[in-house]
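Undergrad: If you scroll down you'll find the structure; I have some questions about it.
In the working numbering, the protein residues as written are 209 to 273.
Following this line, the structure appears as structure tokens:
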């Protein structure tokens, strides 16, 4: 087996860097989309709870006014 030349090592290293950058970008996009979906779902749940509390408070207020 022959030794790897400096030029070949640079090509391998460059491929690793490109692969890492592409993998990082894809992972970041998936993570960001997942985070946004979770945040939206949680936001909608809190919105529903807030609306329910508002409706309940309105009902209670009407009972005593």
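Note that CB positions come from ideal geometry on N, CA and C, so glycine has one too.
Remember, predicted model here, so these are calculated numbers, not experimental data.
For residue 273, which three-state DSSP category applies?
TA: DSSP places residue 273 in coil when its eight states are reduced to three.
Undergrad: State the Cα-Cα distance for the pair residue 228 and residue 252, rounded to the nearest angstrom.
TA: If you take the alpha carbons of residue 228 and residue 252, they lie about 35 Å apart.
Undergrad: Spatial neighbours of residue 174 within its chain, please: C-beta separation below 7 Å, excluding the five flanking residues on both sides.
TA: Missing from the structure shown is residue 174; the chain here goes from 209 to 273 and no further.
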